[in-house]
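Structure, as structure tokens:
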Amino acid sequence: MSLPPFFASLSYLDIAAVLLLVIAWLVTGRLTEHPPAGRPSVSVLMADYRRDWMRQFVTRQPRIFDATVIDSLRQGTAFLASACMIAIGGGVALLGNSDRLEGVARDITPGIISDALEIRMILPLLLLANALLKFIWSNRLFGYCAILMASVPNDPNDPLAYHRAGQAAEVNITAAAAFNSGLRSIFFALGALAWLFGAVPLMLATVVAAGVLFRREFASRSREIILKRDL
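Letter by letter, the sequence shown follows residues 144 to 374 of our numbering.
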């Protein structure tokens with residue numbers, strides 16, 4: 144049984160390595176956003192703090208601090224979106240320069256053909272493209288959140304105050320989820336670069352990337368601190 148023409152330069156081990164990366168990427172995202180009930184992730188724990196933030200926002204005067212925080216969140220998404228655009232542009236430019244690509248192929252993996260290198264570079268570029276879209280959407284959602292926050296009445300006794308604060312909190316949480324998804328894509332895009340060295344390095348890099356993400360979400364020191372909501 145032969146591989147389709149597009150995959151002719153790849154081995155079954157290469158395809159297995161790519162499938163492992165895709166599955167690890169999807170599973171880490173799923174478990175991070177929907178963890179087991181008894182083991183919440185940092186992302187889920189921070190969602191509760193975001194709701195607390197908006198409840199405190201109703202009675203805080205002045206609200207300059209909250210505006211500063213939202214602005215810093217938007218700046219973070221904008222910075223990472225710009226970084227992804229630069230990385231994608233560099234990768235596409237390299238794909239369009241066949242001579243330089245062949246030189247890179249010889250330096251990284253002796254004996255590899257340029258077609259195989261092109262295919263191996265497409266994977267991190269796709270992950271970076273997904274990260275870019277997530278950061279753009281996150282930035283827009285944080286903008287929506289800022290508008291919702293601006294619409295929260297100054298009077299805590301106003302029946303709309305806590306309702307709109309709750310809306311702002313949920314939009315903020317959705318924006319954070321998109322931001323975290325973009326970060327996960329960057330982690331796996333960096334891991335996907337190991338494919339330039341072969342299928343086995345790609346598998347190892349996938350395991351490392353997934354392990355780092357799981358540790359930070361479920362076994363980090365910061366998680367232990369965040370868990371201590373009460374005195």
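Glycine is no exception: its CB is placed at the ideal position from the N, C-alpha and C atoms. All figures in this text were calculated on a predicted structure; none of them were measured in a lab.
| Query | Result |
| --- | --- |
| Helix, strand or coil, according to DSSP, for residue 346 in the structure here? | helix |
| May I ask you to report which of helix, strand or coil DSSP gives residue 295? | coil |
| So what does DSSP say about residue 181, is it helix, strand or coil? | coil |
| State the Cα-Cα distance for the pair residue 153 and residue 353, rounded to the nearest angstrom. | 24 Å |
| Quick one: measure Cβ to Cβ for residue 193 and residue 369, integer angstroms, because I've assumed they're closer than 8 Å. | In fact, because the Cβ distance is near 12 Å, the residues do not count as touching under 8 Å. |
| Using C-beta distances below 7 Å, list every residue in its chain close to residue 304, excluding the 5 sequence neighbours before and after it, in chain order. | 201, 295, 296 and 298 |
| Can you grab the Cα-Cα spacing for the pair residue 331 / residue 168, in whole Å? | 7 Å |
| Hey, quick one: how far does the alpha helix (DSSP H) through residue 222 stretch, first residue to last? | 207-239 |
| Could you spell out where the alpha helix (DSSP H) holding residue 157 opens and where it closes? | 155-176 |
| Helix, strand or coil, according to DSSP, for residue 267 in the structure here? | helix |
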